[in-house]
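J.:
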Amino acid sequence: MALKATVFKATLQIANMDKHHYQDYNLTLARHPSETDERMMVRLLAFALHADEALSFANGICVEDEPDLWQKDYTGAIANWINVGLPDEKLIRRACGRADQVAVYNYGGRVADMWWEQSSDKLAKLRNLAVYNLPPDTTRALAKLAERNMTLNFTMQEGQIWLSNASDTAEVELLTVKANSV
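The numbering used here applies: residue 160 is where the sequence shown begins, and numbers increase by one.
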(Lines of atoms letter the chains of each structure in order from A and count residues from 1; the text may use other names and numbers.)
(Lines give C-alpha, C1' and ligand atoms only; values in the text may rest on other atoms or scores of the structure.)
Protein backbone atom coordinates (compact mmCIF):
# COMPACT_ATOMS: atom_id res chain seq x y z
CA MET A 1 0.00 0.00 0.00
CA ALA A 2 1.41 3.36 -1.02
CA LEU A 3 1.90 6.05 1.58
CA LYS A 4 -0.10 9.22 1.08
CA ALA A 5 1.11 12.80 1.23
CA THR A 6 0.75 14.69 4.50
CA VAL A 7 -1.20 17.92 4.13
CA PHE A 8 0.10 21.10 5.76
CA LYS A 9 -1.79 24.39 5.89
CA ALA A 10 0.13 27.64 6.03
CA THR A 11 -1.00 31.20 6.41
CA LEU A 12 1.93 33.18 5.07
CA GLN A 13 2.07 36.90 5.77
CA ILE A 14 4.57 38.53 3.46
CA ALA A 15 6.23 41.88 4.02
CA ASN A 16 8.87 42.14 1.30
CA MET A 17 10.10 45.70 1.57
CA ASP A 18 12.74 45.15 -1.13
CA LYS A 19 10.05 44.34 -3.73
CA HIS A 20 7.24 46.38 -2.11
CA HIS A 21 5.08 43.27 -1.90
CA TYR A 22 2.75 42.98 1.09
CA GLN A 23 0.16 40.23 1.05
CA ASP A 24 -1.24 37.27 2.95
CA TYR A 25 -1.45 33.83 1.34
CA ASN A 26 -3.40 30.79 2.53
CA LEU A 27 -1.45 27.83 1.22
CA THR A 28 -1.89 24.08 1.21
CA LEU A 29 1.29 22.05 0.93
CA ALA A 30 1.31 18.33 0.28
CA ARG A 31 4.45 16.81 1.78
CA HIS A 32 5.38 13.69 -0.15
CA PRO A 33 6.23 10.69 2.10
CA SER A 34 9.89 10.92 1.01
CA GLU A 35 10.07 14.67 1.66
CA THR A 36 11.46 16.08 4.91
CA ASP A 37 10.19 19.09 6.85
CA GLU A 38 13.43 20.78 5.83
CA ARG A 39 12.73 20.44 2.10
CA MET A 40 9.08 21.40 2.48
CA MET A 41 10.05 24.58 4.34
CA VAL A 42 12.60 25.45 1.64
CA ARG A 43 9.72 25.15 -0.87
CA LEU A 44 7.67 27.49 1.31
CA LEU A 45 10.60 29.93 1.52
CA ALA A 46 10.95 29.83 -2.29
CA PHE A 47 7.25 30.68 -2.54
CA ALA A 48 7.72 33.65 -0.23
CA LEU A 49 10.73 34.91 -2.18
CA HIS A 50 8.83 34.79 -5.50
CA ALA A 51 5.33 35.47 -4.14
CA ASP A 52 2.76 36.30 -6.77
CA GLU A 53 -0.93 35.51 -7.29
CA ALA A 54 0.00 33.34 -10.28
CA LEU A 55 2.71 31.35 -8.43
CA SER A 56 1.67 27.83 -7.48
CA PHE A 57 3.08 24.59 -6.18
CA ALA A 58 3.62 22.04 -8.95
CA ASN A 59 4.13 18.29 -8.69
CA GLY A 60 7.95 18.59 -8.49
CA ILE A 61 9.00 15.61 -6.41
CA CYS A 62 6.28 13.37 -7.91
CA VAL A 63 6.64 14.30 -11.59
CA GLU A 64 10.12 14.38 -13.07
CA ASP A 65 9.41 17.01 -15.72
CA GLU A 66 7.80 19.58 -13.39
CA PRO A 67 9.33 22.05 -10.94
CA ASP A 68 8.47 22.44 -7.28
CA LEU A 69 6.83 25.80 -8.03
CA TRP A 70 5.95 27.63 -11.18
CA GLN A 71 4.30 30.78 -12.34
CA LYS A 72 2.46 30.75 -15.63
CA ASP A 73 1.10 33.73 -17.51
CA TYR A 74 -2.44 33.97 -18.90
CA THR A 75 -1.38 32.11 -22.08
CA GLY A 76 0.03 29.17 -20.13
CA ALA A 77 3.65 30.11 -20.83
CA ILE A 78 5.98 29.54 -17.88
CA ALA A 79 7.32 32.79 -16.45
CA ASN A 80 9.11 31.29 -13.42
CA TRP A 81 10.32 27.73 -12.88
CA ILE A 82 11.57 27.03 -9.34
CA ASN A 83 13.31 23.87 -8.14
CA VAL A 84 14.36 22.93 -4.63
CA GLY A 85 17.22 20.57 -3.85
CA LEU A 86 19.76 19.17 -6.28
CA PRO A 87 17.93 18.75 -9.60
CA ASP A 88 19.35 16.93 -12.56
CA GLU A 89 21.39 19.24 -14.78
CA LYS A 90 19.47 18.08 -17.89
CA LEU A 91 16.17 19.03 -16.27
CA ILE A 92 17.49 22.52 -15.51
CA ARG A 93 18.71 23.01 -19.07
CA ARG A 94 15.27 21.96 -20.39
CA ALA A 95 13.60 24.28 -17.88
CA CYS A 96 15.73 27.20 -19.10
CA GLY A 97 14.42 26.54 -22.59
CA ARG A 98 10.79 26.43 -21.40
CA ALA A 99 10.66 29.27 -18.86
CA ASP A 100 11.56 32.96 -18.81
CA GLN A 101 13.31 32.63 -15.43
CA VAL A 102 14.60 29.55 -13.60
CA ALA A 103 15.69 29.46 -9.96
CA VAL A 104 17.25 26.60 -8.01
CA TYR A 105 17.35 26.67 -4.20
CA ASN A 106 19.76 24.01 -3.06
CA TYR A 107 20.75 22.97 0.43
CA GLY A 108 22.63 20.17 2.13
CA GLY A 109 26.03 21.68 2.89
CA ARG A 110 28.91 19.93 1.16
CA VAL A 111 26.56 17.87 -1.03
CA ALA A 112 25.10 21.07 -2.51
CA ASP A 113 28.61 22.40 -3.12
CA MET A 114 29.55 19.18 -4.90
CA TRP A 115 26.38 19.38 -7.04
CA TRP A 116 27.37 22.86 -8.21
CA GLU A 117 30.99 21.81 -8.87
CA GLN A 118 29.75 18.97 -11.09
CA SER A 119 27.06 21.03 -12.88
CA SER A 120 28.58 24.50 -13.09
CA ASP A 121 30.34 24.08 -16.44
CA LYS A 122 27.07 23.31 -18.20
CA LEU A 123 24.77 25.54 -16.15
CA ALA A 124 26.95 28.67 -15.92
CA LYS A 125 26.13 29.56 -19.54
CA LEU A 126 22.36 29.66 -18.99
CA ARG A 127 21.47 33.35 -18.83
CA ASN A 128 17.99 32.90 -17.30
CA LEU A 129 19.18 30.65 -14.44
CA ALA A 130 19.79 31.72 -10.84
CA VAL A 131 21.17 29.28 -8.25
CA TYR A 132 21.00 29.90 -4.50
CA ASN A 133 22.41 27.92 -1.60
CA LEU A 134 20.95 27.68 1.88
CA PRO A 135 23.44 26.67 4.60
CA PRO A 136 22.52 23.74 6.91
CA ASP A 137 21.95 26.04 9.92
CA THR A 138 19.34 27.97 7.95
CA THR A 139 17.43 24.92 6.72
CA ARG A 140 17.45 23.31 10.18
CA ALA A 141 16.00 26.54 11.64
CA LEU A 142 13.32 26.55 8.92
CA ALA A 143 12.42 22.91 9.64
CA LYS A 144 11.78 23.79 13.30
CA LEU A 145 8.99 26.14 12.14
CA ALA A 146 7.08 23.33 10.38
CA GLU A 147 3.67 22.48 11.82
CA ARG A 148 0.57 20.91 10.27
CA ASN A 149 -1.23 24.26 10.68
CA MET A 150 1.12 27.20 10.71
CA THR A 151 0.98 30.96 10.62
CA LEU A 152 4.26 32.41 9.41
CA ASN A 153 5.57 35.91 8.85
CA PHE A 154 8.05 36.43 6.03
CA THR A 155 10.03 39.66 6.17
CA MET A 156 12.65 40.86 3.72
CA GLN A 157 14.38 44.20 4.07
CA GLU A 158 17.65 45.33 2.50
CA GLY A 159 18.52 41.75 1.61
CA GLN A 160 17.91 40.46 5.15
CA ILE A 161 15.34 37.66 5.35
CA TRP A 162 13.41 36.32 8.35
CA LEU A 163 10.70 33.69 8.66
CA SER A 164 8.93 33.49 12.00
CA ASN A 165 5.95 32.09 13.85
CA ALA A 166 4.51 33.19 17.19
CA SER A 167 7.43 31.83 19.20
CA ASP A 168 10.49 31.38 16.94
CA THR A 169 12.36 33.29 14.25
CA ALA A 170 14.67 31.86 11.61
CA GLU A 171 17.09 34.28 10.01
CA VAL A 172 17.61 33.10 6.45
CA GLU A 173 21.07 33.16 4.95
CA LEU A 174 20.69 32.94 1.19
CA LEU A 175 23.91 32.69 -0.80
CA THR A 176 23.84 33.52 -4.51
CA VAL A 177 25.85 30.88 -6.35
CA LYS A 178 24.85 32.08 -9.82
CA ALA A 179 22.80 35.17 -10.67
CA ASN A 180 20.71 35.25 -13.82
CA SER A 181 21.91 37.70 -16.43
CA VAL A 182 18.65 38.42 -18.22
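Beta carbons: idealized from backbone N, C-alpha and C, even for Gly.
(1) Quick check on Leu282: does DSSP put it in helix, strand or coil?
(2) Could you please give me the residues that DSSP links to Trp115 through a beta bridge?
(3) May I ask which residues mark the beginning and end of the alpha helix (DSSP H) holding Lys249?
(4) Name the two residues that bound the continuous alpha helix (DSSP H) containing Arg307.
(5) Taking DSSP's pairing of strands, which residues face Trp321 in a bridge?
(6) Does the Cβ-Cβ distance between Ala207 and Leu171 come in under 8 Å?
(7) Which one or two residues does DSSP pair with Ala262 in a beta bridge?
(8) Could you tell me whether the Cβ atoms of Gln260 and Asn292 are closer together than 8 Å?
(9) Which residues bound the beta strand (DSSP E) around Ala302?
(10) Name the two residues that bound the continuous alpha helix (DSSP H) containing Leu203.
(11) From Trp275 to Leu204, what distance separates their C-alpha atoms?
(12) To which residues does DSSP link Asp183 through a beta bridge?
(13) May I ask you to list the residues that DSSP assigns as paired with Leu188?
(14) Just verifying my parser: in three-state terms, what is the DSSP assignment at Val270?
(15) Please indicate yes or no: does the CB of Asn239 lie closer than 7 Å to some heavy atom of the ligand FMN?
(16) To the nearest angstrom, how far is the alpha carbon of Asp327 from that of Asn308?
(17) Pull up the distance between the alpha-carbon of Ile237 and that of Ala329, whole angstroms please.
(18) Just to confirm, is the Cβ distance from Val270 to Val290 under 8 Å?
T.: Working from what's here:
(1) Residue state, collapsed to three classes: helix.
(2) No answer is possible for residue 115: the residues shown for the chain start at 160 and end at 341.
(3) Looking at the DSSP string, the run of the alpha helix (DSSP H) that includes Lys249 is 248 to 257.
(4) Following the DSSP letters along the chain, one finds Arg307 in no alpha helix (DSSP H), marked with neither H nor E.
(5) Trp321 is bridged by DSSP to Thr314, Glu330.
(6) Cβ atoms of Ala207 and Leu171: closer than 8 Å.
(7) Beta-bridge annotation (DSSP): Ala262 is paired with Ile241, Ala289.
(8) In this structure, Asn292 does not lie closer than 8 Å to Gln260 by Cβ.
(9) Careful: Ala302 lies outside any beta strand (DSSP E), inside the alpha helix (DSSP H) at 295 to 302.
(10) Element bounds for Leu203: 196 to 208.
(11) Spanning the alpha carbons of Trp275 and Leu204 requires a straight line of approximately 21 Å.
(12) As a beta-bridge residue in DSSP terms, Asp183 pairs with Gln172.
(13) DSSP output for Leu188 lists Phe167 as bridge partner(s).
(14) Of the three classes helix, strand and coil, the one that applies to Val270 here is helix, per DSSP.
(15) Questions concerning the ligand FMN fall outside what the structure shown contains, since it holds no ligand whatsoever.
(16) Asp327 and Asn308 have their alpha carbons spaced roughly 15 Å apart.
(17) Approximately 31 Å, taken between the alpha carbons.
(18) Against a cut-off of 8 Å, the Cβ pair of Val290 and Val270 comes out as no contact.
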